[in-house]
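> In this note's numbering, each number is its position in the sequence shown, counted from 1, plus 899.
The structure under discussion is supplied below as structure tokens; questions concerning it will follow.
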Amino acid sequence: MEITMISNASEVSIEIGKKMAELRNMNPPLKKSSILMRKSVKDNFSQGGRPIRWRPKSKATIAIEKSILGRTTSKPLIFTGNLRKSISYRKVNDKIYEVFPAGIGYAGIHQYGGRTNFAGRNIPVPARPFMVFQNSDLDSIVNIFKEHIEKKLGI
């Protein structure tokens, strides 16, 4: 193993400056985290809500879907699959990525609950939070950033 000594303070300062510049670029771990979060949200649809399962569709909603649209599914939030397919991520600026349902006007009522007019009826819609991340996701995100920092510092 070769040992090298840096003999003057300006060389040390230059090396520290290089490492600091490398650490300022958080785009790689932000993008990796966004991809992980997007997958996690999509998994919520596959599992019918997590960690708490979503409330099932009411019999009335199923009947309305059958009578108006000619088909239905008993699983909430996946009738067309559009909401799940809309989950996307984008770079907002150099420091922020966001995960969001793109172009789906009804996403909010499903996330938070409320009332809506469906087939001429004012019906309640229970909250079925789909934009939820799991504790394991948060642990994974911490590890993504930890690995990025360690790599940049050569640890």
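Where is the CB? At the ideal position from N, CA and C, for every residue including glycine.
Which term fits Thr960, buried or exposed, when burial requires 16 or more other beta carbons within 10 angstroms of its beta carbon?
Per the 10 Å Cβ criterion, buried.
> Specify the secondary structure class of Lys990 as computed by DSSP and reduced to three states.
strand
> Under a Cβ-count criterion, where at least 16 other Cβ atoms within 10 Å of its own Cβ denotes burial, should Met936 be classed as buried or exposed?
By the Cβ-count criterion, Met936 is buried, with 16 or more other Cβ atoms from all chains shown falling within 10 Å of its own Cβ.
> Taking DSSP as the reference, what is the three-state secondary structure of Val940?
Assigned with DSSP and collapsed to three states, Val940 falls in helix.
> Distance, Cα to Cα, Glu910 vs Val940?
C-alpha separation (whole angstroms): 47 angstroms.
> From what residue to what residue does the alpha helix (DSSP H) around Gly1013 run?
Counting along the chain, Gly1013 falls outside any alpha helix (DSSP H), though it belongs to the beta strand (DSSP E) covering 1013 to 1017.
> Does the beta-carbon of Val991 have 16 or more other beta-carbons within 10 angstroms, so that it is buried, or is it exposed?
Val991 sits exposed, since fewer than 16 C-beta atoms from the chains shown fall within 10 Å of its C-beta.
> Thinking C-beta only, is Tyr1011 closer than 7 angstroms to Ala1026?
yes
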